[in-house]
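Take a look at the structure set out below.
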């Protein structure tokens, strides 16, 4: 089996509800007994949402091992696949889906914005079905819709990750007017550098300002421009 690049991200219930509507509409409009959105997580494929149609053998939450299923071929090759009638197709006459009465299949891959594989969107039929132009248009439209949702999920995860790395100091800080130490919530006094480093992403590079340099080292001939720049980082 070829290596399939995937990633694990939680899909919100609100998105899953929309996908339920998608598969229900596909099954109704295309008059097929089964429509699915699946997620691949090697070595398994999970049915995330399945059309609520009488006679549909698949239920949301079902998982199967990757063992020459229709959807497996779609995610492995990352392209659309059509099977008009599996029992007459040498490549698919032993497909596991035939045991469930699903002898025809049309599926498209679903990918994250990064190109990593997510799963499939597909319809299955219990009779011979050449899946003409209308079927392909409907599935392609809903494929784009689901991948738009995946883009939103991905952006939301990136935003949460970025926010988790941001630390902001807020409120009043008790600071000593002489030594400039800051009192923390436990009542301990900390050097201002230590306190800020513990509560933010700031790192300090120590130097000496011109006024302090003149006061402390008045006997030295210091270049004012060098004092303004401060020490070079190494």
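Residue numbers (our numbering): 2 to 235. All C-beta atoms in this analysis are idealised placements derived from N, C-alpha and C, irrespective of residue type, glycine included.
Using a threshold of 8 Å, state whether the C-beta atoms of residue i and residue j are closer than that.
| i | j | result |
| --- | --- | --- |
| residue 124 | residue 27 | yes |
| residue 151 | residue 114 | yes |
| residue 69 | residue 97 | yes |
| residue 74 | residue 132 | no |
| residue 196 | residue 185 | yes |
| residue 111 | residue 134 | no |
| residue 10 | residue 137 | no |
| residue 39 | residue 102 | no |
| residue 209 | residue 193 | no |
In its own chain, which residues sit with a C-beta less than 7 Å from the C-beta of residue i, not counting the 5 before and 5 after it?
| i | result |
| --- | --- |
| residue 99 | 87 and 88 |
| residue 3 | Note that residue 3 scores a pLDDT of 47, beneath 50, so its modelled location is shaky; the value from the coordinates is reported in the next line. If we look at residue 3 and ignore the five residues flanking it on each side, its Cβ neighbours are 77. |
| residue 234 | In this predicted model, residue 234 has a pLDDT of only 48, less than 50, meaning its place in the structure is not dependable; the value taken from the coordinates is given anyway. Closer than 7 Å at the Cβ level, and outside the excluded window around residue 234, lie 206. |
| residue 143 | 23, 27 and 122 |
| residue 219 | none |
| residue 25 | 52 and 53 |
| residue 130 | 85 and 105 |
Near residue i, which residues of its chain fall below 6 Å by C-beta distance, leaving aside the five closest residues on each side in sequence?
| i | result |
| --- | --- |
| residue 19 | none |
| residue 126 | 33 and 105 |
| residue 190 | 182 and 184 |
| residue 83 | 107 and 132 |
Which residue wins for smallest C-alpha separation from residue i, given the options the options?
| i | options | result |
| --- | --- | --- |
| residue 53 | 22, 43, 66 and 40 | 22 |
| residue 172 | 82, 200, 95 and 83 | 200 |
| residue 202 | 211, 165 and 130 | 165 |
| residue 71 | 92, 58 and 62 | 92 |
With a threshold of 8 Å on Cβ separation, who are the neighbours of residue i within its own chain once the five nearest residues in sequence on each side are excluded?
| i | result |
| --- | --- |
| residue 60 | 48 and 51 |
| residue 67 | 2, 41, 43, 44, 45, 46 and 73 |
| residue 139 | 27, 30 and 31 |
| residue 272 | The structure shown does not extend to residue 272, since the chain is modelled only from 2 to 235, so the question has no answer here. |
| residue 198 | 204 and 205 |
Comparing the CB of residue i with every heavy atom of the ligand ZN, is any distance shorter than 7 Å?
| i | result |
| --- | --- |
| residue 117 | Within the structure as shown, the ligand ZN is missing, as the structure has no ligands at all. |
Checklist entry - Within the chosen definition, does the region 98-110 reach the region 15-30 through at least 3 CB pairs nearer than 8 Å? => result no
Item to check | Those runs of the beta strand (DSSP E) which lie wholly inside the region 69-120 and span at least 3 residues | outcome: 82-84 and 105-112
Checklist entry - For the 8 Å Cβ check, are there 3 or more pairs between the region 176-187 and the region 41-54? => result no
Checklist entry - Going along the chain, which unbroken runs of the alpha helix (DSSP H) with 4 or more residues stay wholly within the region 139-217? => result 193-199 and 211-217
Next on the checklist: Within 8 Å, do at least three Cβ pairs link the region 54-61 to the region 35-44?
Outcome noted: yes
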